[in-house]
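Below is one structure, written out as structure tokens, with a few remarks after it.
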RNA sequence: GGCACCGUAGCCAAGUGGUAAGGCAGAGGUCUGCAAAACCUUCAUUCCCCGGUUCGAAUCCGGGCGGUGCCUCCA
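This is how it looks when you write it as structure tokens:
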């Protein structure tokens, strides 16, 4: 089998053929840093982080670029509202971006360019477009001329005439065609600006990705990704500029992730159902959020609701418990395996990845791996003292960890995971660790004297606070009921 | 209005020509003082509807119904 990727350009899954064998150059549109990130950003981040990890797992040498848009209308507006400089606003939101994305265990891309660091490259590209007659200057602005680019509309599958008649595009007297978009905007007083051959100004939104992609990955690279909302106009315009300048389509495979809905409604500010990443991770463990985001294929819409996140949290508990249980048996020696010593599991993992990065299928495999790990644990526990079944357990444990590393899950030691999630739960129900320990102690005292009525009452008390008791051979443990 | 996508069990969700993954919930069981956890068994003769192509379709084609997104800044 070979890797197949759904290409927005063709509307089909296509066999992936990298420009350079064994290597993948990938550009993903990042965020405009004018505000905190919401869960839509989280999805895009997590999805492409999974793609990055999966490509590496397949053995590709990957160069992953994700940009920051740090000059733009919204930034200017927000900074003015808050009475701070654009620079300050940008710095603050980039710091917050890293806090949020780190909490979701995103790997850092190989390059994270900021638009303002590539003004010169953008100007070069604009000059080329002007020289080729693909763009024109008008009133201090430079516009791309859509009519002169015959492939315009290829990505979003629409044609120029339809778009013009759609007529929801703001009329601008300086434009030859209402669809023409700005490559360079003349500066208004107080706005960030750079000198240019067309007067002081700043770049249009789309040109930055064209310029940075070309600079860091070359005129043509393999994969370009982003949210579905970027297909039109952002990526359409990007293709127009890049191809207009270099003659080559910039990316061969265009990947777009679907939207996040909230309780089956479109997430939007006017509906007031806009969740930031930090809102959600205040309520649910970040890894549960990540698990949930990967449980649906990246192209489908995904619905956010407490009920679903709770279920994901329960699944994550299950996975970490399998880890916890097997590590107790295996001891400290079995950490960080890099391969799966089970051929069929490995083959299924590879084919799930190769089928357009089917994380939902990987997730199913992951849960099955936890199940077989539990079975192997049971087997070892049954033969205590004889060391039997440990080798078998180690294999399943390795499968669990390796699949986890592809999904970016199971990142913490299990002890730490349970400590954090239990503390979070205790805070929610207003109990302390000692109170729980005392109740468990009392219950065990009652059990010793066969006073089961008292013991069961105590258990009920805890259960009312979603705390479940587990009597094991080594004593009583407790878990959070999801 | 134009363009695109989607419609799989009570719920979530894979599956794009070869006879329905996985999870939650439900039912029964092993274990347990009773539980819980874990494991086992069970849970869609059928994939919105109607036609068509095919030896064979949830998967392809046509039509219908229902839902969503984009066309304006947006992951």
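Residue numbers (my numbering): 549 to 1030. Note that the Cβ used here is the ideal one computed from N, Cα and C, for glycine as well.
Contact under 8 angstroms by Cβ, residue i with residue j
{"i": "residue 839", "j": "residue 957", "result": "yes"}
{"i": "residue 946", "j": "residue 885", "result": "yes"}
{"i": "residue 841", "j": "residue 594", "result": "yes"}
{"i": "residue 1030", "j": "residue 826", "result": "no"}
{"i": "residue 808", "j": "residue 850", "result": "yes"}
{"i": "residue 767", "j": "residue 845", "result": "no"}
{"i": "residue 740", "j": "residue 579", "result": "no"}
{"i": "residue 981", "j": "residue 987", "result": "no"}
{"i": "residue 602", "j": "residue 805", "result": "no"}
{"i": "residue 626", "j": "residue 583", "result": "yes"}
{"i": "residue 1024", "j": "residue 992", "result": "yes"}
{"i": "residue 848", "j": "residue 798", "result": "no"}
{"i": "residue 874", "j": "residue 941", "result": "yes"}
{"i": "residue 802", "j": "residue 782", "result": "no"}
{"i": "residue 662", "j": "residue 901", "result": "no"}
Coil, strand or helix - residue i by DSSP
{"i": "residue 696", "result": "helix"}
{"i": "residue 617", "result": "strand"}
{"i": "residue 577", "result": "strand"}
{"i": "residue 612", "result": "strand"}
{"i": "residue 781", "result": "helix"}
{"i": "residue 887", "result": "coil"}
{"i": "residue 805", "result": "strand"}
{"i": "residue 607", "result": "coil"}
{"i": "residue 734", "result": "strand"}
{"i": "residue 915", "result": "helix"}
{"i": "residue 687", "result": "coil"}
{"i": "residue 1015", "result": "strand"}
{"i": "residue 1020", "result": "strand"}
{"i": "residue 632", "result": "coil"}
Distance cut-off 7 angstroms: residue i Cβ against heavy atoms of the ligand PLP
{"i": "residue 918", "result": "For the ligand PLP, the structure offers nothing, since it holds no ligand at all."}
CA nearest to the CA of residue i, picked from the options
{"i": "residue 734", "options": "727, 743, 874, 983", "result": "743"}
{"i": "residue 693", "options": "787, 619, 550", "result": "787"}
{"i": "residue 730", "options": "918, 968, 753, 745", "result": "753"}
{"i": "residue 589", "options": "558, 921, 652, 602", "result": "652"}
{"i": "residue 1010", "options": "1021, 989, 997, 996", "result": "989"}
{"i": "residue 972", "options": "861, 608, 959", "result": "861"}
{"i": "residue 727", "options": "567, 785, 687, 635", "result": "785"}
Anticipated Cβ contact below 8 angstroms, residue i with residue j, distance rounded
{"i": "residue 556", "j": "residue 708", "result": "With 8 angstroms as the limit, residue 556 and residue 708 do not qualify as a contact, their Cβ atoms being about 19 angstroms apart."}
{"i": "residue 890", "j": "residue 913", "result": "11 angstroms between Cβ atoms; not a contact."}
{"i": "residue 611", "j": "residue 833", "result": "Incorrect: roughly 31 angstroms between the Cβ atoms, too far for contact."}
{"i": "residue 793", "j": "residue 673", "result": "5 angstroms"}
{"i": "residue 761", "j": "residue 575", "result": "5 angstroms"}
{"i": "residue 904", "j": "residue 554", "result": "5 angstroms"}
{"i": "residue 763", "j": "residue 700", "result": "Actually they are not in contact, since the Cβ atoms of residue 763 and residue 700 sit about 24 angstroms apart, beyond 8 angstroms."}
Inter-residue Cα distance where the pair is residue i and residue j
{"i": "residue 887", "j": "residue 994", "result": "48 angstroms"}
{"i": "residue 1006", "j": "residue 983", "result": "12 angstroms"}
{"i": "residue 1018", "j": "residue 1008", "result": "13 angstroms"}
{"i": "residue 551", "j": "residue 770", "result": "13 angstroms"}
{"i": "residue 622", "j": "residue 656", "result": "25 angstroms"}
{"i": "residue 929", "j": "residue 952", "result": "24 angstroms"}
{"i": "residue 597", "j": "residue 654", "result": "6 angstroms"}
{"i": "residue 679", "j": "residue 685", "result": "11 angstroms"}
{"i": "residue 870", "j": "residue 820", "result": "39 angstroms"}
{"i": "residue 893", "j": "residue 926", "result": "20 angstroms"}
{"i": "residue 813", "j": "residue 822", "result": "11 angstroms"}
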